[in-house]
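Asks: First to last, the sequence lines map onto chains G and E. Under our numbering, the residue at position 95 of the first sequence is numbered 95, and the numbers go up by one with no gaps. Position in the second sequence (from 1) plus 1000 gives the number in our numbering.
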Amino acid sequence: MENVFEKIYQMTAFSDIIADPRFLIMYALAFLLLYLGIKKEFEPLLLVPIAFGVLIANFPGGGMGVLGADGDGLVHYMKDGVMVAKNVYEMPLPEIAHDLGLMNYIYYALIKSGLLPPIIFMGVGALTDFGPMLRNLKLAIFGAGAQFGIFAVLLVASQFFTMQEAGSLAIIGGADGPTAIFTTLKLAPHLLGPIAIAAYSYMALVPVIIPLVVKLTCRKKELMINMKEQDKLYPNKQEFKNMRVLKIVFPIAVTTIVAIIVPDAVALVGMLMFGNLLKEIGANTSRLFDAASNGIMNAATIFLGLSVGATMTVEAFLNWTTIGIVAGGFLAFGFSIFGGIMLVKIMNLFTKKKINPLVGATGLSAVPMASRVANDIALKYDPKNHVLNYCMSSNVAGVIGSAVAAGILISFLG
Amino acid sequence: MGNFIYALELMGIGMGTVFVVLILVIELGKALIAIVNKIAPEEEKPQPKAATPAAVMPNVAQAIAQAVNVITGGKGKVDKIEKQ
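See below:
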């Protein structure tokens, strides 16, 4: 009888959890992320799948955790009671599914191949409106200023990590989940889990981080600059005679330009603009637009979230590198907002038409949350000061900016 | 130290390239606006005729015409609006 209980005990996950209580930390983390996603509504579409991925990956014996390959592409696992090491990139997909399980199959087929981040970018493009940016073209330059955090943290992180790891950590400052994942896959795939978690967590914390940096760097007088009044004083002479045609031509032209200058950014920018083109063409491509922005995007998000979460196993997550990533990611995020704000301040020194620094703070790619947060801050200081449309210009430009920055990092460090 | 110098170089190259690309995007946008304004200005659309002014309010007729315009990508026209 005792033998039977012993066998039941061995069959369950209890024995392994008691042998290695670090699993409990991972469950606590998963529950915390689920709480933030469900109850606090922090990026629930991504945080919930990621959190659930973390949870199911950390049940010993479940076989749902993603096995990271080492520098030579080798994965080590038990097969028929023997520890084997195989080059995962030479294993056929059915063998990965059979030997390593479902989650590894999804990860190596869809994520490690680099397929899903550009697919998600296509969906993001289909949901993006470049109209506000075209109406306030000059403000798009702040999408460049707000990439400062990426390169500032690269500088610091280069002292503690390899250059590839530092580049992957720094890209969190772009405030763009798919871009962070895409870059990390190319540069330091073993850090994918913590970097994805940090990127999406900080994106969810935009309503906290932007007000904090704004409070530390901006004066009340600057935050009260009314953009509409500035427009009345110094009107924009740009005239739009056919916005529809303009919005169709724009994504095609931008893709061409970016592809020539930074070819490594084409996978992201090209798909972003393709999704946008489907939207702007209108009725003739409405079915494709619907697929890109709903069906494909949603399916991609589920697979991406679950398998990225599943990379966060005890071995991969509970180490000093992860703590460094969490701290570095926060710095990257903060410096990016700071960079955008400083660029506005510098420009205001030389121009008559003043710009609210909040427009610089939204040079991050967290669209449209960053713009909404900035608008709320502006309204707090002046209830008549609506800056949303102006912020959307730098915000959308930030998506292009961070994709270009990712392309540069991949090109130099990959 | 070698990494720091390299990271510093990357910072210069990276920020420089991001600025160049976005300046190009801005200038490209301006050029496209000028070209589109010149060669493809939007045609003046004739006001849709309401079946009977008493039956459908002009602002309602205009809203319906706009909706048809968006859904059909500018190909459809509203000739008649009837209440059932």
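Built from N, CA and C at the ideal position, the CB exists for glycine as well. For clarity, every value in this text was computed on a predicted model and none was experimentally measured.
Spatial neighbours of G:Gln-230 within its chain, please: CB distance less than 7 Å, with the 5 preceding and 5 following residues excluded, ordered by chain position.
Replies: Residue mapping note: residue 230 of chain G aligns to position 230 of the first sequence, counting from 1. Answer for G:Gln-230: Lys-353 and Lys-354, listed in chain order.
Asks: Would you mind working out which of G:Ser-365, G:Leu-343, G:Val-308 and G:Tyr-35 sits nearest G:Pro-357, comparing C-alpha positions?
Replies: Within the first sequence, numbered from 1, the residue matching residue 357 of chain G stands at position 357. Ranking G:Ser-365, G:Leu-343, G:Val-308 and G:Tyr-35 by Cα distance to G:Pro-357 puts G:Leu-343 first.
Asks: G:Ala-166 touches chain E at which residues, Cβ-Cβ below 9 Å?
Replies: Looking up residue 166 of chain G in the first sequence gives position 166. Result: Asn-1003 and Ala-1007.
Asks: Got a sec: is the Cβ-Cβ distance from G:Gly-414 to anything in chain E below 8 Å?
Replies: Here the question's residue 414 of chain G lines up with position 414 in the first sequence. Output row for G:Gly-414: interface = no.
Asks: What's the call for E:Ala-1060, buried or exposed, on a 16-neighbour Cβ count within 10 Å?
Replies: Here residue 1060 of chain E refers to the residue found at position 60 when the second sequence is read from its first residue. Looking at the sequence itself, residue 1060 of chain E is Val, so the reference to Ala does not match. Exposed is the call here.
Asks: Under 8 Å by Cβ, that's how I've got G:Ile-210 and G:Ala-370 pegged, so tell me the actual separation to the nearest angstrom.
Replies: Position 210 of the first sequence, counted from the start, is the residue given in the question as residue 210 of chain G. Position 370 of the first sequence, counted from the start, is the residue given in the question as residue 370 of chain G. Rounded, the Cβ-Cβ distance is 6 Å, consistent with contact.
Asks: So the alpha helix (DSSP H) G:Ala-299 belongs to, where does it begin and stop?
Replies: Position 299 of the first sequence holds residue 299 of chain G. Where G:Ala-299 is concerned, the enclosing alpha helix (DSSP H) stretches over 296-310.
Asks: What are the boundary residues of the beta strand (DSSP E) that G:His-76 is part of?
Replies: The residue you call residue 76 of chain G lines up with position 76 of the first sequence. Where G:His-76 is concerned, the enclosing beta strand (DSSP E) stretches over 74-79.
Asks: Is the Cβ of G:Asn-276 closer than 8 Å to any Cβ of chain E?
Replies: As a working note, residue 276 of chain G is residue 276 in the first sequence. With 8 Å as the cut-off, G:Asn-276 does not count as an interface residue toward chain E.
Asks: Under DSSP, the alpha helix (DSSP H) around E:Ala-1065 begins and ends at which residues?
Replies: Counted from its first residue, the second sequence places residue 1065 of chain E at position 65. Its alpha helix (DSSP H) spans residues 1058-1071.
Asks: Just to check my reading of the structure: G:Ser-402 and G:Gly-174 have Cβ atoms closer than 8 Å, yes? What is that Cβ distance to the nearest angstrom?
Replies: For this step, residue 402 of chain G is matched to residue 402 along the first sequence. For this step, residue 174 of chain G is matched to residue 174 along the first sequence. That belief holds up - the Cβ atoms of G:Ser-402 and G:Gly-174 are roughly 3 Å apart, short of 8 Å.
Asks: For G:Val-254 and G:Leu-46, I'd like the C-alpha separation in whole angstroms.
Replies: Mapped onto the first sequence, residue 254 of chain G falls at position 254. Mapped onto the first sequence, residue 46 of chain G falls at position 46. Cα-Cα distance, rounded: 28 Å.
Asks: Short of 7 Å Cβ to Cβ, which residues in the stretch 230-256 of chain G face chain E?
Replies: Here the close residues are Gln-238, Glu-239, Phe-240, Lys-241, Asn-242, Val-245, Leu-246, Val-249, Phe-250, Ala-253 and Val-254.
Asks: Which residues in the same chain have their Cβ closer than 6 Å to the Cβ of G:Gly-363, if we skip the five residues on either side of it in sequence?
Replies: The count along the first sequence starts at 1 and reaches residue 363 of chain G at position 363. Result list for G:Gly-363: Phe-142, Gly-143, Gly-145, Ala-146, Gly-340, Ser-394 and Gly-398, in chain order.
Asks: So what does DSSP say about G:Met-83, is it helix, strand or coil?
Replies: Within the first sequence, residue 83 of chain G is the residue found at index 83, counting from 1. Here G:Met-83 sits in strand by DSSP.
Asks: Select from G:Ile-248, G:Val-269, G:Lys-247 and G:Leu-246 the residue whose C-alpha is nearest the C-alpha of G:Ile-257.
Replies: Here the question's residue 257 of chain G lines up with position 257 in the first sequence. Minimum Cα distance to G:Ile-257 is reached at G:Val-269.
Asks: Counting only beta-carbon atoms, is E:Ala-1040 nearer than 8 Å to chain G?
Replies: Counting from 1 along the second sequence, the entry for residue 1040 of chain E is found at position 40. So, interface residue.
Asks: E:Pro-1028 to G:Ile-325, Cα distance in whole Å?
Replies: Residue numbering aside, residue 1028 of chain E sits at position 28 when the second sequence is read from its first letter. Residue numbering aside, residue 325 of chain G sits at position 325 when the first sequence is read from its first letter. A quick correction: the sequence has Leu, not Pro, at residue 1028 of chain E. Their backbone Cα atoms lie some 37 Å apart in a straight line.
Asks: With 16 other CB atoms within 10 Å as the buried threshold, where does G:Asn-385 fall?
Replies: Here the question's residue 385 of chain G lines up with position 385 in the first sequence. Buried: at least 16 other Cβ atoms inside 10 Å.
Asks: State the Cα-Cα distance for the pair E:Pro-1058 and E:Val-1078, rounded to the nearest angstrom.
Replies: The residue given as residue 1058 of chain E occupies position 58 in the second sequence. The residue given as residue 1078 of chain E occupies position 78 in the second sequence. Going from the Cα of E:Pro-1058 to the Cα of E:Val-1078 covers about 13 Å.
Asks: Nearest-angstrom Cα distance between E:Val-1036 and G:Ala-366?
Replies: What you label residue 1036 of chain E is simply residue 36 of the second sequence in a count that begins at 1. What you label residue 366 of chain G is simply residue 366 of the first sequence in a count that begins at 1. C-alpha separation (whole angstroms): 30 Å.
Asks: Could you give the C-beta distance for G:Asp-294 and G:Gly-125, rounded to a whole number, given that I count them as a contact under 8 Å?
Replies: Here residue 294 of chain G is taken as the residue at index 294 of the first sequence, counted from 1. Here residue 125 of chain G is taken as the residue at index 125 of the first sequence, counted from 1. Asp is not the amino acid found at residue 294 of chain G; the sequence shown has Asn there. Not quite, the Cβ-Cβ distance comes to about 14 Å (not below 8 Å), so this is no contact.
Asks: Taking G:Leu-272 as the reference, which of G:Arg-287, G:Pro-251 and G:Asp-264 has the closest Cα?
Replies: Position 272 of the first sequence holds residue 272 of chain G. Here the closest residue by C-alpha is G:Pro-251.
Asks: Using a C-beta to C-beta distance shorter than 8 Å, which residues of chain E count as neighbours of G:Asn-136?
Replies: Looking up residue 136 of chain G in the first sequence gives position 136. None at all; the shortest Cβ gap to chain E is about 10 Å.
Asks: Please name the residues in the stretch 352-382 of chain G whose beta-carbon is closer than 8 Å to at least one beta-carbon of chain E, in chain order.
Replies: Residues: none.
Asks: For a minimum of 4 consecutive residues, which ranges assigned as the alpha helix (DSSP H) are wholly contained in the stretch 157-217 of chain G?
Replies: For the stretch 157-217 of chain G, whole alpha helix (DSSP H) runs of length 4 or above, ordered along the chain, are 163-170, 177-187, 192-204 and 206-217.
Asks: Could you say which of G:Asn-3, G:Met-243, G:Phe-160 and G:Phe-148 lies nearest to G:Ala-361 if we only look at CA atoms?
Replies: Here residue 361 of chain G corresponds to residue number 361 of the first sequence, with the count starting at 1. The option with the nearest alpha carbon to G:Ala-361 is G:Phe-148.
Asks: Please confirm if E:Ile-1026 has its CB atom under 8 Å from at least one CB of chain G.
Replies: Locating residue 1026 of chain E in the second sequence gives position 26, where the first residue counts as 1. Closer than 8 Å to some Cβ of chain G, the Cβ of E:Ile-1026 qualifies, so yes.
Asks: Under a CB-based cut-off of 8 Å, is E:Val-1068 close to chain G?
Replies: One-based indexing of the second sequence puts residue 1068 of chain E at position 68. Answer no: the Cβ-Cβ gap between E:Val-1068 and chain G never drops below 8 Å.
Asks: Within 10 angstroms of the Cβ of G:Gly-167, are there 16 or more other Cβ atoms? Answer buried if so, exposed if not.
Replies: Here residue 167 of chain G is taken as the residue at index 167 of the first sequence, counted from 1. Under this definition G:Gly-167 is a buried residue.
Asks: Are G:Val-48 and G:Gly-37 closer than 8 Å when you measure CB to CB?
Replies: Position 48 of the first sequence, counted from the start, is the residue given in the question as residue 48 of chain G. Position 37 of the first sequence, counted from the start, is the residue given in the question as residue 37 of chain G. Taking 8 Å as the Cβ cut-off, G:Val-48 and G:Gly-37 qualify as a contacting pair.
Asks: When Cβ atoms are compared, which residues of the stretch 122-147 of chain G fall closer than 7 Å to chain E?
Replies: Correct list: Leu-134, Leu-137, Lys-138, Ala-140, Ile-141, Gly-143, Ala-144 and Gln-147.
Asks: I need the boundaries of the alpha helix (DSSP H) containing G:Gly-340, first residue and last residue.
Replies: Translated into the one-based positions of the first sequence, residue 340 of chain G becomes position 340. Residues 320-350.
Asks: State buried or exposed for G:Ser-113, treating a residue as buried only when at least 16 other CB atoms are found within 10 Å of its CB.
Replies: The sequence position of residue 113 of chain G within the first sequence is 113, counting from 1. By the 10 Å Cβ count, G:Ser-113 comes out exposed.
Asks: Report the rounded CA-to-CA distance for G:Lys-241 versus G:Pro-383, giving the unit in angstroms.
Replies: The residue you call residue 241 of chain G lines up with position 241 of the first sequence. The residue you call residue 383 of chain G lines up with position 383 of the first sequence. So the alpha carbons of these two residues sit roughly 32 Å apart.
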